[in-house]
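Per the working numbering: the sequence shown = residues 8 to 470.
Report on the structure given below.
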Amino acid sequence: MTPSRPPAPARPVELELRLGPIAHGGHTVARTDEGRVVFVRHGLPGEVVRVRLTESGPTARFWRGDVVAVVDADPRRRSEHVWGPADPLLTWGRGEPPVGGAEFGHAELDAQRALKAAVVTEQLSRLAGLGTEVAVEAMPGEDPQGRGWRTRAHFAVDPAGRIGMHPHRSAAVVPVDGFPLVVPAVDALRLADLDLRGAERVDVAAPADGGTPLVHLSLAAGADRQRLRRELGRLAGDRDVSVTARAEGERQPETWAGRPSVVEHAGAGRWEVSAEGFWQIHRAAPALLHREVPAAAGARPGEHALDLYAGAGLFTAALADAVGDAGTVVAVEGSPVTSADARRTLADRPQVRVERGSVDRVLARTWPQTGPVRARRRPARGAGAARPDVVVLDPPRAGAGRTVVDQLVALAPRRIAYLACDPATLARDLGRFRRAGWHVRTVRAFDMYPNTHHVETLAVLEP
8 MTPSRPPAPA RPVELELRLG PIAHGGHTVA RTDEGRVVFV RHGLPGEVVR VRLTESGPTA
68 RFWRGDVVAV VDADPRRRSE HVWGPADPLL TWGRGEPPVG GAEFGHAELD AQRALKAAVV
128 TEQLSRLAGL GTEVAVEAMP GEDPQGRGWR TRAHFAVDPA GRIGMHPHRS AAVVPVDGFP
188 LVVPAVDALR LADLDLRGAE RVDVAAPADG GTPLVHLSLA AGADRQRLRR ELGRLAGDRD
248 VSVTARAEGE RQPETWAGRP SVVEHAGAGR WEVSAEGFWQ IHRAAPALLH REVPAAAGAR
308 PGEHALDLYA GAGLFTAALA DAVGDAGTVV AVEGSPVTSA DARRTLADRP QVRVERGSVD
368 RVLARTWPQT GPVRARRRPA RGAGAARPDV VVLDPPRAGA GRTVVDQLVA LAPRRIAYLA
428 CDPATLARDL GRFRRAGWHV RTVRAFDMYP NTHHVETLAV LEP
């Protein structure tokens, strides 16, 4: 009997489409001749392109695809992508998907900012009922190509021990040799030259002021730590590098070289940020936000301030300066690592109290009138604190959400400064504030993530 042959792989489906408007998430919206919606990455509105479908099917609500050829280009399309591994015109030519991390790298920076402004404006209109036209501001000292801004980078590790990144919506690991969006100190480590078998992820932090970088390994079960320590020893050479490592389930990372944190500065402040702690990733962002966000909150001497999702305390320190010795600041952070960073940095500020825990539960314990009865059982340290006059919040991508918004409405501060990395969840929360009678006074947007679709937005609210 002749053995049957395996079925030939299905040929990729490609369509020629005219791209429509930009959508939240970095896609343009196109439609097939039959009216099916296709979310297309790596295009510009109005272009005619060939699109390779990456997700499709007769029962799918919509399809997804990547631009693989440009028939009629927007004049703001770059002649060369900022990073080859993220350019689908190159990678799909080799039969490989592009990696994420620079999905707007095909567009000039002014075009990127216009797209981001359109997304923020549309989300505010649709979800918050605001007619605000938003312009996206460039960061101070930006590179003309939007390169060299990331002080933090995260790499996956493939089975051969090479650092890599994931394609969009994929768990695959594509090896990379450098990343043009990082500050030079990260690429100078030459992580691509190391054999990192036994690590599942590599996180790198390099302070913007040139301080000692830190490499942190997330270890797989059974990793050969001694071999990895020897391999990471090659990083040091003639440069000062800190190295830490931790496997899932271990409480504290091991320090293999240097110190378990990086030293960061903003304004006159100094922070020690742990390997797994949070810090703003654009090299200019900490200084800019340390100045602009507390200024937007407008805390006055003797007032009481509340800093939610406080991270390592970047805004807490500025709020403490503003309220002075006669005022108070309560900082709330859920991460044990990052809240410990904040406590360490702010230990000499008697007017500051750092609370660790989920924001909604800490608010309910500290100000019982804001929360359900079940959340009032264990009073927080200092429960019954003075009602805040001003609030700063910088939530993760999921936003503050209904419970926290309602709690802040109940607290009735005189002003709220809301910093957001996702315009959709920001707009959703602003809509809820508005329905409770609050007014959005100003909205600013900052291009803190050049060559990506992400944007940072700062809204100021008053009752």
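Glycine included, every Cβ here is placed at the ideal spot set by N, Cα and C.
Quick caveat, the model's predicted, so the values are computed rather than measured.
Leaving out the 5 sequence neighbours to the left and right, which residues in its chain are closer than 6 Å to residue i when beta-carbon positions are compared?
| i | result |
| --- | --- |
| residue 189 | 157 and 160 |
| residue 192 | 213 and 220 |
| residue 60 | 20, 70 and 72 |
| residue 25 | 55 |
| residue 324 | 276 |
| residue 452 | 127, 141, 143, 462 and 464 |
| residue 211 | 160, 193 and 222 |
| residue 155 | 190 |
| residue 118 | 83 |
For the beta strand (DSSP E) containing residue i, list its first residue and its last residue.
| i | result |
| --- | --- |
| residue 345 | Looking at the DSSP string, residue 345 is not in any beta strand (DSSP E); the run it does join, the alpha helix (DSSP H), is 343-352. |
| residue 5 | Past the edges of the chain, shown from 8 to 470, lies residue 5, and the structure says nothing about it. |
| residue 317 | Note, residue 317: premise wrong, no beta strand (DSSP E); not H, not E. |
| residue 224 | 221-226 |
| residue 367 | Note, residue 367: premise wrong, no beta strand (DSSP E); alpha helix (DSSP H) at 366-373. |
| residue 426 | 422-427 |
| residue 397 | 397-400 |
Buried or exposed: where does residue i fall if 16 or more other Cβ atoms within 10 Å of its Cβ makes it buried?
| i | result |
| --- | --- |
| residue 357 | exposed |
| residue 287 | buried |
| residue 389 | The predicted model places residue 389 with a pLDDT of 48, which falls under 50 and marks its position as unreliable, so this point remains unresolved. |
| residue 352 | buried |
| residue 34 | buried |
| residue 403 | exposed |
| residue 345 | buried |
| residue 153 | buried |
| residue 483 | Shown here, the chain extends from 8 to 470; a query on residue 483 therefore has no answer. |
Name, in chain order, the residues that DSSP records as bridge partners for residue i.
| i | result |
| --- | --- |
| residue 288 | Paired residues: none, contrary to the question. |
| residue 146 | According to DSSP, residue 146 bridges with nothing at all. |
| residue 84 | 114 |
| residue 278 | 271 |
| residue 70 | 45 |
| residue 79 | 55 |
| residue 182 | 171 |
| residue 35 | 29 and 47 |
| residue 246 | Paired residue(s): none; residue 246 is not in a bridge. |
| residue 261 | 252 |
| residue 310 | Looking at the DSSP assignment, residue 310 forms no beta bridge with any residue, so it has no partner. |
| residue 210 | 161 and 223 |
| residue 450 | 466 |
| residue 363 | 340 |
| residue 299 | Paired residue(s): none; residue 299 is not in a bridge. |
| residue 335 | 311 |
| residue 60 | 72 |
Are the Cβ atoms of residue i and residue j separated by less than 8 Å?
| i | j | result |
| --- | --- | --- |
| residue 434 | residue 97 | no |
| residue 248 | residue 265 | yes |
| residue 48 | residue 73 | yes |
| residue 23 | residue 71 | no |
| residue 172 | residue 455 | no |
| residue 88 | residue 107 | no |
| residue 319 | residue 284 | yes |
| residue 163 | residue 180 | yes |
| residue 206 | residue 232 | no |
| residue 274 | residue 297 | yes |
| residue 399 | residue 326 | yes |
| residue 430 | residue 464 | yes |
| residue 422 | residue 467 | yes |
| residue 127 | residue 447 | no |
| residue 441 | residue 136 | yes |
| residue 149 | residue 457 | yes |
| residue 236 | residue 201 | no |
| residue 203 | residue 238 | yes |
| residue 52 | residue 29 | yes |
Just to confirm the assignment, what range does the alpha helix (DSSP H) spanning residue i have?
| i | result |
| --- | --- |
| residue 132 | 116-135 |
| residue 194 | 191-194 |
| residue 412 | 408-418 |
| residue 96 | 95-98 |
| residue 432 | 430-442 |
| residue 158 | Run containing residue 158: none; DSSP gives neither H nor E here. |
| residue 330 | 321-330 |
Report all residues from its chain with a CB closer than 8 Å to the CB of residue i; omit the five preceding and five following residues, and keep chain order.
| i | result |
| --- | --- |
| residue 330 | 306, 307, 308, 309, 310, 311, 312, 336 and 358 |
| residue 394 | 311, 374, 418, 419 and 420 |
| residue 93 | 105, 106, 107, 108, 109, 110 and 112 |
Tell me which residues share the same chain as residue i and place their Cβ nearer than 7 Å to its Cβ, disregarding the 5 neighbours each side in the sequence.
| i | result |
| --- | --- |
| residue 79 | 54 and 55 |
| residue 169 | 182 and 199 |
| residue 332 | 358 |
| residue 185 | 194 and 199 |
Closer than 7 Å: is that where the CB of residue i sits relative to any heavy atom of the ligand MG?
| i | result |
| --- | --- |
| residue 105 | Among the components of this structure there are no ligands whatsoever, and the ligand MG is therefore not found. |
Using 8 Å as the limit for Cβ to Cβ distance, is residue i near chain B?
| i | result |
| --- | --- |
| residue 441 | The structure shown contains no chain B; it holds only a single protein chain. |
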